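Okay, so the sequence shown: first residue is 91 according to our numbering, each after it adds one.
Just so it is clear, CB atoms sit at the ideal spot from N, CA and C, and this is done for glycine as well.
Here the structure is a predicted model, which means the values were calculated and not measured.
One structure below.
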Amino acid sequence: MRKHELHHAEKTIAVYPGSFDPITNGHFDIIERAAFLFDEVHVLVAQSSSKKPMFPTAQRVEMVAESCEELVEGGHVVVSSLPTGKATVDYATQLGARAMLRGLRTVTDFDAEFALAIANMGLAEHIETMFLIPQPENHFISSSRVREIFHLRGHESVKDLVPEAVYTALQLRKLS
Ligand code: ADP
91 MRKHELHHAE KTIAVYPGSF DPITNGHFDI IERAAFLFDE VHVLVAQSSS
141 KKPMFPTAQR VEMVAESCEE LVEGGHVVVS SLPTGKATVD YATQLGARAM
191 LRGLRTVTDF DAEFALAIAN MGLAEHIETM FLIPQPENHF ISSSRVREIF
241 HLRGHESVKD LVPEAVYTAL QLRKLS
């Protein structure tokens with residue numbers, strides 16, 4: 091499908107893939123911005139990562155959905171797990187997405203994100219990678235930092251970095 095063949099009246103759909111282990115205020119910031127730009131944003135929670143995730147996929151999906159409750163209820167955001175054994179761009183195509191969204195924090199994100207965008211461009215020319223930038227207070231939040239601080243200092247120390255649903259899950263989990 092070529093870009094000029096798109097009907098402008100059709101629903102604009104974007105995908106936002108990631109590990110979300112767990113979702114942070116930075117991810118939520120990107121989701122809110124995306125929901126303002128697109129009719130429907132599919133947050134795709136990647137199932138497998140090279141290392142064992144802190145939270146199982148189903149719980150990560152649940153925490154994203156709970157954090158975005160209003161947007162999900164309004165039909166602006168759909169949360170699901172990314173099927174394994176399928177290129178994200180192929181799944182995005184299947185969903186009718188025009189854009190794949192990624193968040194850019196500092197310049198350190200740039201190299202890896204740029205390489206990924208170019209690789210995806212080669213796989214699916216019709217899907218545009220778009221980068222969104224969070225507000226300054228969210229620039230230094232990452233899931234790995236949240237996990238690290240939680241393990242060292244407990245849930246109270248990450249309260250301001252994650253949505254309520256994640257804070258509750260961490261509270262239940264306590265220090266392991
Ligand atoms: P991945 O494992 O694919 O990097 P992540 O869940 O870590 O998945 O992140 C998904 C996307 O969200 C990536 O594009 C990442 O750069 C972006 N992201 C992560 N944290 C933030 C943040 N604090 N602000 C903006 N974007 C972020």
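Pair within 8 Å by beta-carbon distance, residue i and residue j
i, j, result
"G193", "H132", "no"
"M211", "A189", "no"
"V167", "A104", "no"
"S157", "V236", "no"
"P143", "S170", "no"
"Y181", "L172", "yes"
"L222", "R150", "no"
"A187", "I208", "no"
Three-way DSSP call (helix, strand, coil) for residue i in this model
i, result
"L172", "strand"
"M211", "helix"
"P224", "coil"
"E218", "strand"
"S232", "coil"
"G116", "helix"
"M153", "helix"
"E163", "helix"
"Y250", "It is worth fixing the name first, because residue 250 is Asp in this sequence and not Tyr. Three-state result, D250: coil."
Per DSSP, the bridge partner or partners of residue i
i, result
"H132", "V105 and V168"
"R237", "For R237, which the question treats as bridged, DSSP gives no partner whatsoever."
"G193", "L222"
Integer Cβ distance of residue i from residue j, believed to fall under 8 Å
i, j, result
"P224", "I120", "6 Å"
"T174", "Q137", "5 Å"
"N115", "L251", "6 Å"
"V154", "I113", "5 Å"
"L260", "F230", "Actually they are not in contact, since the Cβ atoms of L260 and F230 sit about 19 Å apart, beyond 8 Å."
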